[in-house]
Amino acid sequence: MSLFSLFAVFVFASETVLSPLADSLPAQTAGAVSQPTVSFGQLHVPMPQMPFTVTQPTAPLTHHSKKSHYTVVLLGDSMIDTLGAGVPDLHADLIKFFPSTTFTLLNYGVGSTNIDYGLERVTNGYTYLGKNVPSLVSQTPDVVVVESFAYNPYSSDANGIDKHWLQLAAIVNTLKSNLPGVKIIIAATIAPNSTVFGDGAPGISLSIADKLSRTNIIKQYLESTVKFAASQRLPSADAYHASLDVFGNGRLTYISSSDHIHYSESGRELFAQKVTDAIINDNLLE
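Those letters in the sequence shown? Residues 54 to 339, per my numbering, in order.
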């Protein structure tokens, strides 16, 4: 059992929202995206400067959407699952900026699963926490937010980063082929903190070196996810860079004080803000 798999099992014991990943899943390919001569993670993609603080206007500028109702689906691992049923923070932001529009938000997060299982769930139904969930595409969403799955990575080497990149591309291609006209947002969740990562989770006792190793890998995948969005010219909800402190560590204000992995309330608000920003800035509903 790998170090990350062992950690997922421990977290499952303390978080009822998490469940383990099946030992093996069918490999997927990304179609149009080909393997480069260098790792995807090494590609130079100019990145915009991201703010380090959450700013919410006191009197938001309201917007008018093309339709009166939209369905938004969020796909990911526990970093999506722990946003809650109906993703209330995001729902509150959307109705604030689009007061004449109604929204259905569907949480397609499954804890302790990697991007392979995320791709599978796009076109296949599944069972989670005793509930049968239909395939993502069967919900005919208008907008799909694809989170990085960075907290459940393959490995730290270039091959793992490249495989992850290609699986992101496969998800995008599958969504587009099954849902013509769907709007896709690529999201990078909050940054981990290498000093306290996993502290408070029952049964977990990580060394300083182990915390640093785990969080460095997660950050590599988050960085690569942001680069993927930029390279494919897809809207990006980048909570990762916005949650880093000046030392490149995850800000504690955004991280749960219970397990030091998932969100605090401020972290959920930050993620919701970044998704809302992507929807508004890229005119996805207008």
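For every residue, glycine included, the Cβ atom is placed at its ideal position computed from N, Cα and C.
From a predicted model like this one, the values you see are computed outputs, not experimental measurements.
Rounded Cβ spacing between residue i and residue j (contact assumed at less than 8 Å)
{"i": "N185", "j": "G178", "result": "7 Å"}
{"i": "G183", "j": "L158", "result": "About 21 Å separates the two Cβ atoms, so there is no contact after all."}
Alpha helix (DSSP H) segment containing residue i, residue limits
{"i": "A240", "result": "No alpha helix (DSSP H) contains A240, which is instead part of the beta strand (DSSP E) from K236 to A241."}
{"i": "S319", "result": "E318 to N334"}
{"i": "K120", "result": "Unbroken run through K120: none, as it is neither H nor E."}
{"i": "N269", "result": "I261 to S284"}
Residue j beta carbon less than 8 Å from that of residue i
{"i": "I257", "j": "H116", "result": "no"}
{"i": "A240", "j": "V199", "result": "yes"}
{"i": "V279", "j": "S289", "result": "yes"}
{"i": "V235", "j": "P194", "result": "yes"}
{"i": "V31", "j": "T176", "result": "Residue coverage of the chain in this structure runs from 54 to 339, which leaves residue 31 outside it and unanswerable."}
{"i": "Y161", "j": "L136", "result": "no"}
{"i": "G303", "j": "N231", "result": "no"}
{"i": "V341", "j": "Q192", "result": "Residue 341 lies beyond the range of the chain shown here (54 to 339); nothing can be said about it."}
{"i": "R321", "j": "D146", "result": "no"}
{"i": "S32", "j": "Y274", "result": "Nothing can be reported for residue 32: it is not among the residues displayed for the chain, which extend from 54 to 339."}
Endpoints, the beta strand (DSSP E) within which residue i is located
{"i": "T180", "result": "Y179 to Y181"}
{"i": "G162", "result": "T155 to G162"}
{"i": "D252", "result": "Careful: D252 lies outside any beta strand (DSSP E) and carries neither H nor E."}
{"i": "A36", "result": "No statement about residue 36 is possible, as the shown extent of the chain runs from 54 to 339 and does not include it."}
{"i": "V196", "result": "V196 to E200"}
{"i": "N185", "result": "K184 to V186"}
Nearest candidate by alpha-carbon position, reference residue i, set the options
{"i": "S188", "options": "R174, P206 and F324", "result": "R174"}
{"i": "K120", "options": "E276, T135, T155 and V163", "result": "T155"}
{"i": "D130", "options": "L219, S165 and L114", "result": "S165"}
{"i": "S309", "options": "N302, S317 and L172", "result": "S317"}
Short CB-CB distance (under 8 Å) between residue i and chain B
{"i": "I270", "result": "No chain B appears in this structure, which consists of one protein chain only."}
Q | Validate contact between the stretch 223–243 and the stretch 279–297 using beta carbons, cut 8 Å, 3 pairs | A | Yes: at least three Cβ pairs fall under 8 Å.
Q.
With three or more beta-carbon pairs closer than 8 Å as the criterion, would you say the stretch 200–220 touches the stretch 246–261?
A. Touching, no, given that fewer than three Cβ pairs across the two stretches are closer than 8 Å.
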